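Protein sequences appear in the order of chains S and D.
Position one of the first sequence corresponds to residue 305 (our numbering), numbered consecutively onward.
Position one of the second sequence corresponds to residue 166 (our numbering), numbered consecutively onward.
The C-beta atom is built at its ideal place from N, Cα and C for all residues, glycine as well.
Just so it is clear, the structure is predicted and the values come from calculations on it, not from any experiment.
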Amino acid sequence: MELSSVFVRAVASLIWGSLGLYLMLPRGQASGKLGSRIVGGLLLIVSMILLATMSASGDAGVRFIYAYGDLGWNASYWFLAGLSLVSAVLMVTSRNPVYSALWFAMVLMSNSGLYLLMDASFLAAATVIVYAGAVVVTFLFVVMLAQPNGAAAYDRLTREPFLAACVGGLVIGVVLLTTLTFSAGTEIEAAAGTGSRRPSVADVARVASATTLPTKIDPARGHVEGLGRSLFLEHYMSVEVVGVLLLAAVVGALLIATHRVERTAKNAT
Amino acid sequence: MLAPVSILATATFVFATVPFGNMLPALPIPGFEKPIVLTVAPGVDIGLLYVFAVGSLGVYGVILGGWASNSKYSLLGGLRSSAQLVSYEIPLGLSVIGVFLLSGSMNLEKITNMQAESGWWWIALQPLGFTVFLISGFAESTRLPFDLPECEQELVGGYHTEYTAMKFGMFALAEYQHMITISFLSVILYFGGWHLWGVTPLVEPGDVTLLGALLCIGVLTFNILMMIFFFMWVRWSWPRFRYDQLMDLAWKMMIPLGVVNLVVSASAQQFLPGDAFLMKAVISWATIAALFGYAVYSTAHDPAPTGVRGGVAVR
C-alpha cells in the first residue's frame, strides 16, 4: 500500500470519526435531531472500517516510519515545549491562586513529559513525585485561603461536544501514531541491530561516567542503575552536602515551629 | 469537570500497567503471529516509580473536587482526604524499598522473575514491609478502615457530594480501579506475581507454551482476585478510624515501621550473601517479634493512659 495513502487514510478516518462523535453527542436542550445522530453513527462506522483495514495492511507501518519516523517525536516535543511555556506564562498572570497552582502543576507535567521524550524516565518520575507532591501542599494552603465565590461561568456549561470530539480524535491519533511508530521501530532495530532513537540523557551520563571512572560500567545496565552509579561514585560529595543541608533545614523548621507553639501557648495563658 | 476527569485519568494510567500474565505464545490465528508480551511496559526500569508518580497525581482530583463544589462540607472532605493521601504516600514508598533492595531492580518484570528463580515469595522475606504496604495501600485507595474521604455520616459523601451522574461515576470507578491496582501491586511485589511452585513453568521467553501462558494468567488472576476478596472482607469487618487516629497511624506508626524495615533489610542485604534467603527471612521475622515485644512492653509500662489511643500503641 502506498505510504501517502496510509497517512491520508489515517487522517481521514480520524476526522470522520471525530465528526461522527460530534454529531452523536448530546448538545444542551436541543439534544440532537435523529437524522444527525444517524449520520454521525454512519460516519463512526465508516471511520472504524477505515482503521481496521489500515491495521490489517501489514508492513505498511515499517515503511511509514522511514517517511514519518521523527514526526511523532518532533510533534510531541513542540507540543510539550509550547505547553510548558504557555502554562508558565498563565501561572504568573492568572489572578486566581488556585489556577496559578494548577498551571504550575501543568508546567511540571509538561517538563516531565520532555524528560520522558529524552528517555530520562527516572528524572521524569522523580519530577512528578517530588514536585507534584510539593505543589499539592502549596495547593492546600491556597485552597484554605481562597474560597470560591459563587458559581463560575463554566458551572453552567456541563458539556462541550465540539471540544470532546476534538480531544477524542487527537487521543486516538496519538495512540495510532505511537503504535505504528513503535512496532515499526522495534522491527527496524531488530533488523538493523542498532537503535534508531536519539542518544538519551542516561546514555550520555553512562558514556561520560564510563570514560572518567576506572570502574568498568556495563552499557547494558539500566537507567536507574547508571544514574545511581553516577550520583554515588562521581558526585558523592555533592550528594552528602545536599543531604546535610536538607537535614539542617528540617531541624531549623522544627525549631521555628516548636518555638512558635510555645509562644502562643504562653500568650494564651 | 476537571476533578473527576483528572482522578479517573490518573487511575486509568496506573491501571494501564496491570499485567494479565507473563507472555502469550505465537498462535496460528491472524493477528497473533508473534508472541505477545503481557508484562508491564517491558524493559522500562522505572516500572514501579511510574505507578507512584501517576498515583500521586490522583490527589489533585480529590482536592479540586472539594474546592470546586463550592460547599463547606465538600471542602472539608477534600482537605482531609488530600491530607490522608499525601501522608500515606510516604510509608507506601518506604515499604517497597525493601523489595527494590531484594530484587535489585524497580522493573516489575524483574521483580517477579527474581521471586520465580529464587523460589521465595518476598512476603516471606519482607513481612514488615508487606504489612506497611498493605495498610498504606488501603489508605491510598480509600477503602473502608480509611474511607474518610467519603464517610457518609459526617460529610454526606465528602469531596464528591455535589457531583452527579457520570461525574460521580468517574469518582467511584477511580476508587475501584485503585483497589485493583493495589491488589495487583501487592501480588507482583510480595506474592510472586504469576509464579507458583510446581505449577507455572520457568522457561525462557523464547519457548513459552500455550498451557504455561494460560497457567501464568490463571495464577496471577487468582491471586489478584484473592487480594480483592481480602479488601472486601476487611471492608465489612472493620469500623472506620477517627481522623486523629488515622494521622497518628500514618506518622507515628507506619513511617517509623517503614524506616525500621528499610534499615533491617538494607543491612541484611549488605552483610549477607545474595542468596541467603532463609537467613534474611529469619532476620525479618525476628524484627517483627522484637517490635511486637516492644509494643506490648511499652503499652504495659506506660504510666500515662494517653499513650494508648483506641488500642493503638503510640510511641
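Quick one: what's got a C-beta closer than 8 Å to Leu-222 (chain D)'s C-beta in the same chain, skipping five residues either side? Looking up residue 222 (chain D) in the second sequence gives position 57. A distance below 8 Å between beta-carbons, with the five flanking residues on each side excluded, links Leu-222 (chain D) to the following residues of its chain, in chain order: Ser-171 and Thr-175.
Closest to Ser-246 (chain D) by CA distance: which of D:Gly-263, D:Phe-178 and D:Gly-323 is it? For the purposes of this step, residue 246 (chain D) is identified with residue 81 of the second sequence, where counting begins at 1. For Ser-246 (chain D), the nearest C-alpha among the options comes from D:Gly-323.
Same chain, Cβ closer than 8 Å to Asp-312 (chain D), five either side skipped, listed in chain order: Within the second sequence, numbered from 1, the residue matching residue 312 (chain D) stands at position 147. Excluding sequence neighbours, Asp-312 (chain D) sits near Arg-405.
List the endpoints of the continuous alpha helix (DSSP H) containing His-343 (chain D). The residue given as residue 343 (chain D) occupies position 178 in the second sequence. Here the alpha helix (DSSP H) through His-343 (chain D) covers 330–355.
Based on Cα-Cα distance, which residue from D:Leu-293, D:Leu-167 and D:Phe-436 lies nearest to Ser-260 (chain D)? Walking along the second sequence from the start, residue 260 (chain D) turns up at place 95. Cα-wise, what sits closest to Ser-260 (chain D) is D:Leu-293.
For Leu-290 (chain D), which of helix, strand or coil comes out of DSSP? In the second sequence, counting from the first residue as 1, residue 290 (chain D) sits at position 125. Leu-290 (chain D) falls in the helix class under three-state DSSP.
The alpha helix (DSSP H) spanning Thr-277 (chain D) covers which residue range? The count along the second sequence starts at 1 and reaches residue 277 (chain D) at position 112. That run of the alpha helix (DSSP H) goes 273–283.
Rounded straight-line distance, which links the Cα of His-343 (chain D) to that of Pro-310 (chain D): If you number the second sequence from 1, residue 310 (chain D) lands on position 145. If you number the second sequence from 1, residue 343 (chain D) lands on position 178. Per the coordinates, the alpha-carbon of Pro-310 (chain D) lies some 15 Å from the alpha-carbon of His-343 (chain D).
Listing by chain order, which chain S residues have their CB less than 7 Å from the CB of Ser-252 (chain D)? One-based indexing of the second sequence puts residue 252 (chain D) at position 87. Below the 7 Å Cβ cutoff, chain S contributes no neighbours of Ser-252 (chain D), its closest Cβ being approximately 11 Å away.
Using CA coordinates, which residue listed in D:Ala-337, D:Met-331, D:Thr-307 and D:Leu-350 is at the minimum distance from Val-264 (chain D)? What you label residue 264 (chain D) is simply residue 99 of the second sequence in a count that begins at 1. Ranked by Cα distance from Val-264 (chain D), the options D:Ala-337, D:Met-331, D:Thr-307 and D:Leu-350 are led by D:Leu-350.
Measuring CB to CB, does Leu-167 (chain D) end up less than 8 Å from Leu-229 (chain D)? In the second sequence, the residue the question calls residue 167 (chain D) occupies position 2. In the second sequence, the residue the question calls residue 229 (chain D) occupies position 64. Yes, the Cβ-Cβ distance between Leu-167 (chain D) and Leu-229 (chain D) is below 8 Å.
Can you grab the Cα-Cα spacing for the pair Val-366 (chain S) / Tyr-419 (chain S), in whole Å? Within the first sequence, residue 366 (chain S) is the residue found at index 62, counting from 1. Within the first sequence, residue 419 (chain S) is the residue found at index 115, counting from 1. Note that Val-366 (chain S) has pLDDT 49, beneath the 50 cutoff, so the model's placement of it is unreliable and no number is given.
List the residues of chain S that Tyr-215 (chain D) touches, going by C-beta distances under 8 Å, in chain order. Taking the first residue of the second sequence as position 1, residue 215 (chain D) is located at position 50. Ser-425 and Ala-429, listed in chain order.
Could you spell out where the alpha helix (DSSP H) holding Glu-538 (chain S) opens and where it closes? Taking the first residue of the first sequence as position 1, residue 538 (chain S) is located at position 234. From DSSP, Glu-538 (chain S) is part of no alpha helix (DSSP H); its letter is neither H nor E.
Could you spell out where the alpha helix (DSSP H) holding Ala-430 (chain S) opens and where it closes? The sequence position of residue 430 (chain S) within the first sequence is 126, counting from 1. Note, Ala-430 (chain S): alpha helix (DSSP H), 425–431.
CA-CA distance, Ala-561 (chain S) and Val-554 (chain S)? Taking the first residue of the first sequence as position 1, residue 561 (chain S) is located at position 257. Taking the first residue of the first sequence as position 1, residue 554 (chain S) is located at position 250. Those two C-alpha atoms are separated by around 11 Å.
Just to confirm before moving on: does the CB-CB distance between Gln-280 (chain D) and Gly-357 (chain D) stay below 8 Å? Locating residue 280 (chain D) in the second sequence gives position 115, where the first residue counts as 1. Locating residue 357 (chain D) in the second sequence gives position 192, where the first residue counts as 1. For Gln-280 (chain D) and Gly-357 (chain D), yes; Cβs fall inside 8 Å.
Quick check: is the beta carbon of Ile-476 (chain S) nearer than 8 Å to any beta carbon in chain D? Position 172 of the first sequence holds residue 476 (chain S). Among the residues facing chain D, Ile-476 (chain S) is not included, as its CB has no counterpart in that chain under 8 Å away.
Taking only three categories from DSSP, how would you classify Gly-358 (chain D)? What you label residue 358 (chain D) is simply residue 193 of the second sequence in a count that begins at 1. The answer is coil: DSSP assigns Gly-358 (chain D) none of H, G, I, E or B.
Could you check how far apart the C-beta atoms of Arg-407 (chain D) and Arg-308 (chain D) are, in whole angstroms? I think they sit under 8 Å. Locating residue 407 (chain D) in the second sequence gives position 242, counting from the first residue. Locating residue 308 (chain D) in the second sequence gives position 143, counting from the first residue. Contact flag wrong, Cβ pair sits at about 17 Å.
When the Cα of Met-444 (chain D) is compared with those of D:Ser-239, D:Tyr-253, D:Thr-277 and D:Trp-285, which residue comes out closest? Residue 444 (chain D) sits at position 279 when you count from the first residue of the second sequence. Per the C-alpha coordinates, the member of D:Ser-239, D:Tyr-253, D:Thr-277 and D:Trp-285 positioned closest to Met-444 (chain D) is D:Trp-285.
Are the region 466–478 of chain S and the region 314–323 of chain S touching by the rule of at least three beta carbon pairs closer than 8 Å? The region 466–478 of chain S, when compared against the region 314–323 of chain S, does touch it at the 8 Å Cβ threshold.
Grab me the residues of Val-447 (chain D)'s own chain with a C-beta within less than 7 Å of its C-beta, minus the 5 sequence neighbours each way, in chain order. Counted from its first residue, the second sequence places residue 447 (chain D) at position 282. Counting only Cβ-Cβ distances below 7 Å, and skipping sequence neighbours, we find nothing.
Specify, as a first and last residue, the run of the alpha helix (DSSP H) that Trp-450 (chain D) falls within. The sequence position of residue 450 (chain D) within the second sequence is 285, counting from 1. Element bounds for Trp-450 (chain D): 442–465.
Rounded C-alpha distance that separates Val-461 (chain D) from Ala-468 (chain S): Looking up residue 461 (chain D) in the second sequence gives position 296. Looking up residue 468 (chain S) in the first sequence gives position 164. A direct Cα-to-Cα measurement between Val-461 (chain D) and Ala-468 (chain S) gives close to 58 Å.
How would you list, in chain order, the residues of chain D whose beta-carbon sits under 9 Å from the beta-carbon of Ala-557 (chain S)? Start at 1 with the first residue of the first sequence, and residue 557 (chain S) comes out as number 253. Residues of chain D passing the Cβ test: none, with the nearest at roughly 15 Å.
Chain-ordered chain S contacts of Tyr-225 (chain D) [CB-CB under 9 Å]: The residue labelled residue 225 (chain D) in the question sits at position 60 within the second sequence. Going along chain S in sequence order, the residues near Tyr-225 (chain D) (Cβ under 9 Å) are Leu-406, Ala-409, Ala-436, Val-439, Val-440 and Phe-443.
If you follow the alpha helix (DSSP H) that Thr-175 (chain D) is part of, which residue opens it and which one closes it? Counted from its first residue, the second sequence places residue 175 (chain D) at position 10. Where Thr-175 (chain D) is concerned, the enclosing alpha helix (DSSP H) stretches over 167–180.
In this structure, does DSSP put Phe-265 (chain D) in helix, strand or coil? Here residue 265 (chain D) refers to the residue found at position 100 when the second sequence is read from its first residue. When secondary structure is reduced to three states using DSSP, Phe-265 (chain D) falls in the helix class.
Can you tell me where the alpha helix (DSSP H) holding Leu-418 (chain S) begins and where it ends? Position 114 of the first sequence holds residue 418 (chain S). From DSSP, the alpha helix (DSSP H) with Leu-418 (chain S) extends over 401–421.
By how many angstroms is the C-alpha of Tyr-225 (chain D) removed from the C-alpha of Phe-443 (chain S)? Along the first sequence, one-based indexing puts residue 443 (chain S) at 139. Along the second sequence, one-based indexing puts residue 225 (chain D) at 60. For Phe-443 (chain S) and Tyr-225 (chain D), the gap between their C-alpha atoms comes out near 9 Å.
Given a limit of 7 Å on CB to CB distance, which residues of the region 320–338 of chain D reach chain S? So the list is empty, because no residue satisfies the distance condition.
Let me see if you follow: with CB-CB separation under 8 Å, is Ser-221 (chain D) close to chain S or not? Here residue 221 (chain D) refers to the residue found at position 56 of the second sequence. It does; some Cβ of chain S falls within 8 Å.
Please check if any C-beta of chain D sits within less than 8 Å of the C-beta of Ala-561 (chain S). Position 257 of the first sequence, counted from the first residue, corresponds to residue 561 (chain S). It does not; no Cβ of chain D falls within 8 Å.
According to DSSP, is Glu-544 (chain S) helix, strand or coil? Within the first sequence, residue 544 (chain S) is the residue found at index 240, counting from 1. DSSP places Glu-544 (chain S) in helix when its eight states are reduced to three.
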